[in-house]
Amino acid sequence: MLHIRPESWMPKSPIDVFFFDCDSTLSLIEGIDLLASMNDVAEPVKAITKRCMSTTGLNLADYRKRLDYIRPNKMQIKQLAANYSTHLTPGVKEVIRLFHSLDKKIFIISGGIKSAIVPMAKDLGIQPDRVLAVDIYFNDDGSYQGFDQKNELTQANGKSICIANVLKENERSLLLGDGFSDWEAQDFVTRFVGYAGLNPKAWVQTHSDFYILQTNIMPVLALGLTNEEQQNLTGEDKASYAAGLDAIKKGLVLIKEPDNVHHPNS
Numbered sequence: 593m594l595h596i597r598p599e600s601w602m603p604k605s606p607i608d609v610f611f612f613d614c615d616s617t618l619s620l621i622e623g624i625d626l627l628a629s630m631n632d633v634a635e636p637v638k639a640i641t642k643r644c645m646s647t648t649g650l651n652l653a654d655y656r657k658r659l660d661y662i663r664p665n666k667m668q669i670k671q672l673a674a675n676y677s678t679h680l681t682p683g684v685k686e687v688i689r690l691f692h693s694l695d696k697k698i699f700i701i702s703g704g705i706k707s708a709i710v711p712m713a714k715d716l717g718i719q720p721d722r723v724l725a726v727d728i729y730f731n732d733d734g735s736y737q738g739f740d741q742k743n744e745l746t747q748a749n750g751k752s753i754c755i756a757n758v759l760k761e762n763e764r765s766l767l768l769g770d771g772f773s774d775w776e777a778q779d780f781v782t783r784f785v786g787y788a789g790l791n792p793k794a795w796v797q798t799h800s801d802f803y804i805l806q807t808n809i810m811p812v813l814a815l816g817l818t819n820e821e822q823q824n825l826t827g828e829d830k831a832s833y834a835a836g837l838d839a840i841k842k843g844l845v846l847i848k849e850p851d852n853v854h855h856p857n858s
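All residue numbers for the sequence shown refer to this note's numbering, where the first residue is 593 and numbers rise by one.
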């Protein structure tokens, strides 16, 4: 198969800000679908999620419809938070630790429920104010009341809007995500990396310049660091980078060349 030289895909200048999707990216679960299963409404909710994440992107009407089906209570949100943390995607801890060691800014950007995501973020050393997600509200008895309908992440192109608001002038950025709503934000970051995880989306794979086929996200290290940055790594960080690079060499990352065709780098 065609071997693509690292010079063609390695960043030429350092990336300052890294954005990570949450559901089915940082964590292997799809949070809204798990909540739906708790309340016996899995079938209609999963159908909406599949359509939004595969082809159409999210919008306010679909966001509201899913939560109206589920009506999650406060205790269920705590259960979801625990599930996020216990189902971390392989490589996440190593990736976040390495980027933090290089003083990279890290954001979680998600249409998910913020109070369920923050505990996982804290475990990873990500500040709560760098969790871009949606607030939901409860009645005094803990029952579901509603959600923040003005939050851009509940609407079409929400991630694009949030990223544009966060980035400072001349900051270089990378977004890793598995769904259509991640892909549609690609023009607002320096580099978009699609991710298959446990539930690959054909549209995202076909239209992403970079696409990780394996579950482990360590290839984002090789796709996110310059040659100079990686040469200065030591110890566990160097080993993590090498693991990500090895996955690229084995063809577990699709890289789109100027001919607009994906090539596995092996």
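Using N, Cα and C, we set each Cβ at its ideal position, and we do this for glycine too. These numbers were taken from a predicted model, which means no experiment stands behind them.
Here DSSP, grouped into helix, strand and coil, assigns D733 to coil. In the structure shown, D615 adopts extended strand secondary structure according to DSSP, grouped into three states. Comparing alpha-carbon positions, the option among A788, I847 and L768 lying closest to V812 turns out to be L768. In the three-state scheme derived from DSSP, where H, G and I count as helix and E and B as strand, L680 is classed as strand. Here F772 really is in contact with T647; their C-beta atoms are around 6 angstroms apart, less than 8 angstroms.
Apart from sequence neighbours up to five positions away, the residues of its chain that approach L844 with a beta-carbon distance below 6 angstroms are L805 and Q806, ordered along the chain. Taking the C-beta atoms as reference points, A748 is found nearer than 9 angstroms to N651.
For L659, there is no enclosing beta strand (DSSP E); the residue is found in the alpha helix (DSSP H) stretching over L652 to I662. Under the three-pair Cβ rule at 8 angstroms, the stretch 821 to 839 counts as touching the stretch 689 to 709.
By the CB criterion at 9 angstroms, E744 and G750 fall inside the cutoff.
Listed as beta-bridge partners of Y833 by DSSP are no residues whatsoever. For the pair K666 and D732, the Cα-to-Cα distance works out to about 10 angstroms. Excluding residues up to 5 positions away in sequence, I621 and L626 lie with their Cβ nearer than 7 angstroms to the Cβ of N675 in the same chain. At a Cβ-Cβ threshold of 9 angstroms, D770 and D613 count as neighbours. Taking a contact as a CB-CB distance under 8 angstroms, the pair V723 and I705 does not count as one, their CB atoms being some 10 angstroms apart. Per DSSP, K760 is not a residue of any beta strand (DSSP E), being assigned neither H nor E. Of the residues F610, P606, W601 and T617, the one whose Cα lies closest to the Cα of K793 is T617. Sequence-distant partners of F802 (beyond 5 residues in either direction) whose C-beta falls short of 8 angstroms from its own C-beta, in its chain, are W601, R783, F784, V785, G786, L815, V845, L846, I847 and K848. Here the alpha carbon of C644 sits roughly 12 angstroms from the alpha carbon of T746. According to the DSSP secondary-structure assignment, V723 is paired through a beta bridge with I700. In the three-state reduction of the DSSP assignment, L825 falls in the coil class. Under the three-state reduction of DSSP output, R643 falls in the helix class. DSSP places F780 in no beta strand (DSSP E); its state is neither H nor E.
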